[in-house]
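**Q**
In the working numbering, the protein residues as written are 717 to 1072.
If you want it as structure tokens, here you go:
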């Protein structure tokens, strides 16, 4: 790779390309980004159990999920502002550890009120993981791989969902309490926090924005070494014992500019979007709302649909249509019979088996 000319961080990232460092970022942050899906499945399994154990009505069970996503809605703006001042990695790691701690506290709470409060606080930290984590992923990816990287991150929702359903089924078979289920559900977060601490750096984009050009250049050096894309020396006279470094090669025009939070600045930004991007903004809001309905509604079905993919393909390609109808009828009738025989708190897993 030829030595790049002095340019901004994004141009250097585009020259370094997509490699092992970006794969590392996608895997570690993809697990952290799946926390909202994990919370949806936890509530789907936890709700019926608490309804029987604590004699809760449907409104109180639904309020637990409401508290989580209420925390996500309220916490997103301040967490996004905090990520611009604390850093992407620092806030993501802090929120990941805090979410683990809140989940452990949920596993030992004695009353419903404490559980609802802790679920709300968990939603606040989930919003921090979503905002800072998505920014961190996009700021490590080359421009041509932005869409591909975000789609790869979304695939971890299914894997984490499968893990949560498997943990719930294991607790059911092992006759373990829902408190153990909450404890075991934090293992993906522990893996993600450990990976962030050991294998990831702070975003070079935010470091350059802060005016820390030397730190940003060192992060780019680490990316170049990981991707095996270290540029060659500019001339043959350069000492070969000294490897190439981006230190001193980034422009100084990306100096840090402190943005003061004010009502007038927010109103100016709102007026800018209304005047120039009114229709695209409405379309994005509608698309985001529909995407949220599909994602969170399908979250409870996708993990149990994935294992049945092989059986479905084999059945459609090999079996006669009449045999397919007969097989599905017998399968679902047997599962419905087992649902009637099982306790109420275990019917969710029987419904999962029905999709297999």
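Note that CB positions come from ideal geometry on N, CA and C, so glycine has one too.
1) Could you tell me which uninterrupted alpha helix (DSSP H) segments, each at least 4 residues in length, are contained entirely in the segment 737–802, listed from first to last along the chain?
2) Could you spell out the range, first to last residue, of the alpha helix (DSSP H) harbouring residue 854?
3) Could you tell me whether the segment 926–938 touches the segment 767–776, using the rule of 3 or more Cβ pairs below 8 Å?
4) If you run the structure through DSSP and keep just helix, strand and coil, what is residue 993?
5) Using DSSP with H/G/I as helix, E/B as strand and the rest coil, what is residue 1064?
6) Thinking just about the alpha-carbon of each residue, which of 785, 845 and 727 is nearest to the one in residue 803?
7) Can you tell me whether residue 1068 is buried or exposed, with buried defined as 16 or more other CB within 10 angstroms of its CB?
8) Determine, using beta-carbon pairs with one atom in the segment 793–801 and one in the segment 812–832, whether at least three such pairs fall under 8 Å.
9) Taking the C-alpha atoms as reference points, what is the distance between residue 733 and residue 872?
10) Just how far apart, CA to CA, sit residue 963 and residue 947?
11) Below 8 Å, can you find three or more Cβ-Cβ pairs linking the segment 739–748 to the segment 864–881?
12) If we count the other Cβ atoms within 10 Å of its Cβ and call it buried at 16 or more, is residue 725 buried or exposed?
13) Please state whether DSSP places residue 1107 in a helix, a strand or coil.
14) Relative to the C-alpha of residue 810, which candidate in 905, 828, 889 and 915 has its C-alpha closest?
15) Along the chain, which unbroken stretches of the alpha helix (DSSP H) at least 4 residues long are found entirely within the segment 868–896?
16) From what residue to what residue does the alpha helix (DSSP H) around residue 904 run?
**A** To lay it out plainly:
1) 751–769 and 774–802
2) Stepping through the chain shown from its first residue, residue 854 is reached at position 138. Per DSSP, residue 854 belongs to the alpha helix (DSSP H) from 828–856.
3) no
4) As a first step, residue 993 is located in the chain shown; it is residue number 277 there, counting from the start. Three-state DSSP puts residue 993 in coil, outside helix and strand.
5) Numbered from its first residue, the chain shown carries residue 1064 at position 348. In this prediction, residue 1064 scores a pLDDT of 48, lower than 50, which makes its location untrustworthy; the coordinate-derived value is nonetheless stated afterwards. Correct three-state label for residue 1064: helix.
6) Translated into the one-based positions of the chain shown, residue 803 becomes position 87. With distances taken between Cα atoms, residue 803 lies closest to 845.
7) By 1-based counting over the chain shown, the position of residue 1068 is 352. For residue 1068, the predicted model reports a pLDDT of 49, less than 50, meaning its position is unreliable and no value from the coordinates is stated.
8) Judged by Cβ distances under 8 Å, the segment 793–801 makes no contact with the segment 812–832, as fewer than three pairs qualify.
9) Indexing the chain shown from 1 puts residue 733 at position 17. Indexing the chain shown from 1 puts residue 872 at position 156. Cα to Cα, the separation comes out at about 23 Å.
10) Walking along the chain shown from the start, residue 963 turns up at place 247. Walking along the chain shown from the start, residue 947 turns up at place 231. Approximately 13 Å between the Cα atoms of the pair.
11) yes
12) Here residue 725 corresponds to residue number 9 of the chain shown, with the count starting at 1. Label assigned to residue 725: buried.
13) There is simply no residue 1107 to check, as the chain begins at 717 and stops at 1072 in what is shown.
14) Along the chain shown, read from residue 1 onward, the residue named residue 810 stands at position 94. The candidate whose alpha carbon is nearest that of residue 810 is 905.
15) 872–889
16) Mapped onto the chain shown, residue 904 falls at position 188. Note, residue 904: alpha helix (DSSP H), 903–915.
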